[in-house]
Amino acid sequence: MSLEIVTLTALADNYFSLLHNRDTGETVLVDAPEAAPVQDALDARGWTLTHILLTHHHPDHIDGVAALQAASGAKIIGAKADAHRLPPLDLEVNEGDQFTLAGSPCQVIDVSGHTIGHIAFYLPQEQAAFTGDSLMAFGCGRLFEGSPEIMFESLQKLAALPQDTMIYSGHEYSAGNGAFALSVDGDNPAVQARVAENLQKRANDDVTAVATLQQEFATNPFLRCDQPALRMSSGLGEDANAAQVFAAIRRQKDNF
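Below, the structure written as structure tokens:
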């Protein structure tokens with residue numbers, strides 16, 4: 000891997016990530032919840048921002064863009080389908096597009112569901128995927144615009160990535176997501192262990208929103224909808240298919 004990746008907090012419960020190429024000096028920001036903590040992180044490391052990737056249009060992911068771009072001249076990259084709701088883009092991208100980012104190949108994946116036009120950025124050379132509010136640590140984003148069917152399809156795209164891919168998501172939701180996972184998959188030892196691990200991480204102010212896809216498969220109820228325990232927790236019975244189970248437990252999470 001050629002990029003240094005740092006994930007830090009902003010606002011009440013957001014995360015942002017910085018990707019830095021030591022050889023070229025390029026530095027990429029994934030989502031911009033607010034400007035000050037991002038700029039502080041850059042200044043502390045002596046890095047200059049060159050690119051900003053936007054996963055979707057919600058204010059807590061774009062509000063820092065204007066100030067950061069004014070300070071650095073960074074190029075803004077986001078979804079063409081969402082361009083009307085994003086800050087002005089220097090590069091509009093669609094699903095399947097590939098481009099070089101700070102010297103590393105980057106692929107665009109449409110992961111609509113939380114919003115329509117939400118995208119993820121996958122860097123295979125770095126074994127990293129930046130998924131915003133689609134696939135999240137121990138959970139998935141609330142469906143503000145898309146249907147359960149759309150989000151299920153989006154998660155299946157991410158589930159097809161290599162198991163050792165690190166998933167970088169956008170929020171510190173470990174307590175709520177962990178409690179929900181226990182409520183629907185509580186006999187799963189991996190879920191129990193992850194809840195305990197996250198409690199320790201939070202006590203140490205460590206990041207909880209970065210995990211391997213393999214760990215998500217083992218613990219994230221929204222990637223385990225084909226498992227008997229989740230079928231039963233959904234209330235649909237053992238004959239329900241994974242998409243039906245997903246829709247049911249997503250509704251449960253909304254009211255949890």
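Numbering follows numbering that gives the first Met the number 0, with no gaps: position 168 of the sequence shown is 167. From the three backbone atoms N, C-alpha and C, an ideal C-beta is built for every residue, glycine too.
Have a look at the options and flag the residue whose alpha-carbon is nearest the alpha-carbon of residue i.
i, options, result
"V206", "Q191, L2, V92, L7", "L7"
"E125", "L88, K74, T211", "T211"
"A127", "L100, F255, S71", "L100"
"Q78", "V64, Q68, D96", "A quick correction: the sequence has Ala, not Gln, at residue 78. The candidate whose alpha carbon is nearest that of A78 is D96."
"L160", "G116, F129, H170", "F129"
"Y14", "V37, N187, A241, N20", "V37"
"M165", "A119, D186, T114, G140", "A119"
"F216", "D59, Q162, C105", "Q162"
"A136", "L2, D12, A65, I4", "D12"
Across which residues does DSSP place residue i in a beta bridge pair?
i, result
"M135", "G138"
"E253", "With the sequence shown as reference, residue 253 is identified as Asp, and Glu is not the correct amino acid for it. The partner list for D253 (beta bridge, DSSP) is empty, contrary to what the question assumes."
"L52", "V29, I76"
"Q106", "Q97, Y121"
"N240", "Paired residue(s): none; N240 is not in a bridge."
"T8", "Y14"
"L212", "Note: L212 sits in no beta bridge, so no partner."
"L222", "According to DSSP, which records beta bridges pairwise, L222 is partnered with nothing at all."
"Y167", "F129, V209"
"H19", "E3, T26"
"V260", "With the chain running from 0 to 255 in the structure shown, residue 260 is simply not present."
Measure the C-alpha to C-alpha separation of residue i and residue j and round it to an integer number of angstroms.
i, j, result
"A82", "W46", "28 Å"
"Q226", "A239", "10 Å"
"S16", "I76", "15 Å"
"R44", "T23", "15 Å"
"L85", "L67", "15 Å"
"N219", "E237", "19 Å"
"K74", "A180", "38 Å"
"G185", "V209", "22 Å"
"L48", "H170", "22 Å"
"A228", "H113", "25 Å"
"D62", "F98", "25 Å"
How close, in whole Å, do the beta carbons of residue i and residue j come, if the pair is a contact with beta carbons under 8 Å?
i, j, result
"L157", "V110", "7 Å"
"L134", "S103", "No, L134 and S103 are not in contact; Cβ-Cβ is about 21 Å, not under 8 Å."
"L122", "L222", "Not confirmed; about 21 Å, so no contact."
Task: Three or more C-beta pairs below 8 Å linking the region 47-56 and the region 13-29 - done: yes
Open item on the list: I want to know whether the region 161-178 touches the region 188-208 - three or more CB-CB distances under 8 Å.
Closed with: At 8 Å Cβ cutoff, the stretches touch.
Task: Meets three-Cβ-pair contact criterion under 8 Å: the region 232-250 and the region 137-155 - done: yes
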